[in-house]
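Throughout the sequence shown, residue numbering follows this note's numbering, covering 1 to 166 in sequence.
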Amino acid sequence: MTVDVVRLRPPMHRVSPRARWYWTAKAAVLWTVLLVPQVIWWFADGDGARLPHLIVGAGWLVLAAVHLAVMPQWRYRVHRWEATDTAVYTQTGWLSQERRIAPISRVQTVDSERGPIEQLFKLANVTVTTASAAGPLKIQGLAVADADQLVADLTTRVGQTVGDAT
1 MTVDVVRLRP PMHRVSPRAR WYWTAKAAVL WTVLLVPQVI WWFADGDGAR LPHLIVGAGW
61 LVLAAVHLAV MPQWRYRVHR WEATDTAVYT QTGWLSQERR IAPISRVQTV DSERGPIEQL
121 FKLANVTVTT ASAAGPLKIQ GLAVADADQL VADLTTRVGQ TVGDAT
């Protein structure tokens, strides 16, 4: 009897290049929402000094610009995934990075999801739920065709696995 050894290692595949634009758009929406209190403060303090507003506004713009320029590129370099006959591998994050592995024998469900923003960018997310207390593995930013193929492949592999994934 041979035992397949499954080791934590860097996954092979990158997410879709469109994920960079998706992450940029999501971050831009967040920075825009954060701008609203600054604008309200500017108009509510109509008779006050403008220097604090200019300092906060300039700092906000610098942080937003750096975040929007660096974060999507960095995440694209970090985010990876792979599904083999024996395991599913993921690597996510940018400042804080996480690498996870789930043996196929532990997979319980495989789901695909496309929110409204993902649909605009023709992206999908795949969630692999396991019997682990650490929670599901999430692969975000896949091209729709890649996500559909991954779900089909994993479903087939899991169906061929003996046991109940617990």
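All residues carry an ideal CB built from backbone N, CA and C; glycine is no exception.
Assignment of Gly48 by DSSP, reduced to helix, strand and coil, places it in the coil class. Of the residues Phe121, Ser105, Asp85 and Arg77, the one whose Cα lies closest to the Cα of Thr129 is Ser105. Bounds of the beta strand (DSSP E) holding Leu123 are Leu123 to Thr130. For Arg157, the number of other beta carbons within 10 angstroms of its own is at least 16, and it is reported as buried. Of the other Cβ atoms in all chains shown, fewer than 16 fall within 10 Å of the Cβ of Pro52; this residue is therefore exposed.
Remark: fewer than three beta-carbon pairs, one from each stretch, lie closer than 8 Å, so the segment 103-118 and the segment 40-49 are not flagged as touching.
Residue range Val144 to Gly159 is occupied by the alpha helix (DSSP H) that includes Ala145. If you draw a straight line from the Cα of Ala25 to the Cα of Leu123, it comes to about 13 Å. In terms of Cβ geometry, Ser16 and Ala131 do not form a close pair [threshold 8 Å]. Thr90 counts as buried, since no fewer than 16 other beta carbons sit within 10 angstroms of its beta carbon.
Spatial neighbours of Thr161 in its own chain (CB-CB distance under 6 Å, excluding positions within 5 residues in sequence) are listed in chain order as Ile104 and Ser105. Closest option to Arg77, judged by alpha-carbon separation, among Trp60, Gln97, Leu61 and Ala58: Gln97.
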